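Visitor: So that we are looking at the same thing, I have put the structure below in structure tokens.
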Amino acid sequence: MILVADTGPIIAFAKADCLHLLSQLAAEVFIPPRVHRELLAKTDAEADRIEAAVGSTIRVRAAGFVTSETESATEHLGDGERDAIHLASSFSPAVMVLMDDQAGRRAAVGLELPVIGTVGLLLAAKEKRLAKSVSETLLLMRANGYWLSDKIIAAARRLARE
Numbered sequence: 092m093i094l095v096a097d098t099g100p101i102i103a104f105a106k107a108d109c110l111h112l113l114s115q116l117a118a119e120v121f122i123p124p125r126v127h128r129e130l131l132a133k134t135d136a137e138a139d140r141i142e143a144a145v146g147s148t149i150r151v152r153a154a155g156f157v158t159s160e161t162e163s164a165t166e167h168l169g170d171g172e173r174d175a176i177h178l179a180s181s182f183s184p185a186v187m188v189l190m191d192d193q194a195g196r197r198a199a200v201g202l203e204l205p206v207i208g209t210v211g212l213l214l215a216a217k218e219k220r221l222a223k224s225v226s227e228t229l230l231l232m233r234a235n236g237y238w239l240s241d242k243i244i245a246a247a248r249r250l251a252r253e
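Throughout the sequence shown, residue numbering follows our numbering, covering 92 to 253 in sequence.
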């Protein structure tokens, strides 16, 4: 699997010091240049982890040709979400979009791009025995400043059977 990621999930995995899961679950991980710039602006404790991952685990790549359909479907999104979807849509065959933003996820699904979020990737990691506990990892992300609601954590616990 190839992942094209938005800013949020990269930050979440960095906050829990588990960016290594991305390379264990995906053959390649790409981010668009704008997401890279957003990540470089981070000054929290995870900034060094992100910087180390870019170039080793995560590669920066600009989108190729973007169709008018894709432009139209993403015009209402934030820059990072829009660029991540543009990059994902420029791959052939399509790749999985790693994104938590609901509007961005809807746009990607509308363009028939497969989408996974932070929770989904953690569930996949647990299924492959790469992560011990989905809920503990989510709580660590939240404790380190990544916003996750109690509702999301409770749903993840149920899905992970924790």
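No residue lacks a Cβ here, since even glycine has one placed at the ideal position from N, Cα and C.
Here the structure is a predicted model, which means the values were calculated and not measured.
Return the Cβ separation of R125 and D174 in integer angstroms, given the expectation that the two are a contact with Cβ distance under 8 Å.
Guide: What you label residue 125 is simply residue 34 of the sequence shown in a count that begins at 1. What you label residue 174 is simply residue 83 of the sequence shown in a count that begins at 1. Right, their Cβ atoms sit about 5 Å apart.
Visitor: For I102, which residues of its own chain have a beta-carbon under 8 Å away from its beta-carbon, when the five flanking residues on both sides are left out?
Guide: Here residue 102 refers to the residue found at position 11 of the sequence shown. Same-chain partners within the cutoff: L130, K133, E137, I141 and Y237.
Visitor: Helix or strand or just coil, what does DSSP make of A96?
Guide: One-based indexing of the sequence shown puts residue 96 at position 5. Here A96 sits in strand by DSSP.
Visitor: Less than 9 Å between the C-beta atoms of F104 and L112, yes or no?
Guide: Here residue 104 refers to the residue found at position 13 when the sequence shown is read from its first residue. Here residue 112 refers to the residue found at position 21 when the sequence shown is read from its first residue. Taking 9 Å as the Cβ cut-off, F104 and L112 qualify as a contacting pair.
Visitor: Give me, in chain order, the residues of the same chain whose beta-carbon lies closer than 8 Å to that of I93; leave out the 5 immediate sequence neighbours on both sides.
Guide: Residue mapping note: residue 93 aligns to position 2 of the sequence shown, counting from 1. These residues qualify, in order along the chain: A117, A118, E119, V120, F121, F182, V186 and M187.
Visitor: Please look up how many angstroms separate the CB atoms of A244 and L229, rounded, as I've assumed it's under 8 Å.
Guide: Here residue 244 is taken as the residue at index 153 of the sequence shown, counted from 1. Here residue 229 is taken as the residue at index 138 of the sequence shown, counted from 1. Rather than Ala, the amino acid found at residue 244 in this sequence is Ile. About 5 Å separates the two Cβ atoms, so the contact holds.
Visitor: Between which two residues does the beta strand (DSSP E) harbouring V120 extend?
Guide: Locating residue 120 in the sequence shown gives position 29, where the first residue counts as 1. Element bounds for V120: E119 to I122.
Visitor: When we look at the beta-carbon of T158 and count the other beta-carbons within 10 Å, is it buried (16 or more) or exposed?
Guide: Walking along the sequence shown from the start, residue 158 turns up at place 67. Exposed: under 16 other Cβ atoms inside 10 Å.
Visitor: Exposed or buried, S180, counting other C-beta atoms within 10 Å across all chains shown (16 or more means buried)?
Guide: Mapped onto the sequence shown, residue 180 falls at position 89. Its Cβ being crowded by 16 or more others within 10 Å, S180 is buried.
Visitor: CB A246 to CB V210, shorter than 9 Å?
Guide: As a working note, residue 246 is residue 155 in the sequence shown. As a working note, residue 210 is residue 119 in the sequence shown. Cβ distance < 9 Å, so A246 and V210 count as in contact.
Visitor: Would E172 be called buried (16 or more neighbouring beta carbons within 10 Å of its own) or exposed?
Guide: The sequence position of residue 172 within the sequence shown is 81, counting from 1. Under this definition E172 is a buried residue.
Visitor: Do the CB positions of Q115 and A216 come within less than 9 Å of each other?
Guide: The sequence position of residue 115 within the sequence shown is 24, counting from 1. The sequence position of residue 216 within the sequence shown is 125, counting from 1. Their beta carbons are under 9 Å apart, which means Q115 touches A216 by this criterion.
Visitor: Of all the options G169, T165, G155 and L202, which has the alpha carbon lying nearest to the alpha carbon of G99?
Guide: Numbered from its first residue, the sequence shown carries residue 99 at position 8. Of G169, T165, G155 and L202, the residue nearest in Cα terms is G169.
Visitor: Keeping to the same chain, check which residues put their C-beta closer than 6 Å to that of N235; ignore five residues upstream and five downstream.
Guide: Here residue 235 corresponds to residue number 144 of the sequence shown, with the count starting at 1. The residues are K106.
Visitor: Among S240, A164 and T148, which residue has its Cα nearest to the Cα of V95?
Guide: What you label residue 95 is simply residue 4 of the sequence shown in a count that begins at 1. Comparing Cα-Cα distances from V95 to each of S240, A164 and T148, the minimum goes to T148.
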